[in-house]
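Novice:
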Amino acid sequence: MPDRNNVEPWEEDDRLPTHAKVRAVLENVAKRRIPITYQELAKALQILPPHFIHRATEALERLMEEDAATERPFIAALAISKARGGLPAPGFFGCARRLGRFAGDPDGQDAWSFHAAELNAVFARWGGSRDN
Numbered sequence: 116m117p118d119r120n121n122v123e124p125w126e127e128d129d130r131l132p133t134h135a136k137v138r139a140v141l142e143n144v145a146k147r148r149i150p151i152t153y154q155e156l157a158k159a160l161q162i163l164p165p166h167f168i169h170r171a172t173e174a175l176e177r178l179m180e181e182d183a184a185t186e187r188p189f190i191a192a193l194a195i196s197k198a199r200g201g202l203p204a205p206g207f208f209g210c211a212r213r214l215g216r217f218a219g220d221p222d223g224q225d226a227w228s229f230h231a232a233e234l235n236a237v238f239a240r241w242g243g244s245r246d247n
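The sequence shown: position 1 = 116 (our numbering), numbered continuously.
#1: Just to confirm the assignment, what range does the alpha helix (DSSP H) spanning D182 have?
#2: In whole angstroms, what is the alpha-carbon distance linking A183 and E155?
#3: I need the straight-line Cα distance from A226 to D220, nearest angstrom please.
#4: If you run the structure through DSSP and keep just helix, strand and coil, what is I190?
#5: Is the CB-CB distance between P145 and I190 below 8 Å?
#6: Between the Cα of G242 and the Cα atoms of T185, A139, A135 and C210, which residue gives the shortest distance?
Spelled out as C-alpha cells, the structure:
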C-alpha cells in the first residue's frame with residue numbers, strides 16, 4: 116500500500132480525459148481514507164509544469180459538477196491544500212457554492228464542517244471497509 120506521499124502514478128489509458136484520470140486516482144486514494152495534496156495529485160497524474168496545479172483543479176471542478184448532477188458526495192474533497200492546513204483551496208468552496216451545496220464562509224468553521232461532512236460521505240461511498 117502506498118504511503119501518503121507516494122501515490123501510484125497514473126499508468127492506464129492516456130486517451131482518457133484528465134478529469135476521468137483524476138476520478139480514478141481519487142477513488143483509489145479514498146480507499147486509504149487519507150486526503151491527497153494538489154501537488155501529490157498532479158504528481159500521481161504525471162501532469163508537468165507549467166500550470167500543473169491549475170490543470171488538476173480544473174479537472175476537480177469538472178468532477179464536482181458530475182458529482183452534483185448525480186447527487187454523489189464531492190470526491191474532489193480528497194484533494195487538499197498544504198497551505199490551508201487540511202482544507203481544499205477556496206476554489207473548492209466557490210465551486211460547491213455555484214453548485215448549490217455550500218453557503219458558508221470558505222475560510223471559517225463552515226468550511227471545516229462542510230469539508231469534514233464531504234470527506235465522511237466520500238469515505239462511506241468509495242472508501243471500502245475500515246479494515247483494509
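Just so you know, even glycine gets a beta-carbon here, dropped at the ideal spot from N, CA and C.
Specialist: Considering the structure as presented:
#1: F167 to A184
#2: 25 Å
#3: 6 Å
#4: helix
#5: First, the residue type needs correcting, since residue 145 is Ala and not Pro in the sequence shown. Going by C-beta atoms, A145 is nearer than 8 Å to I190.
#6: A139
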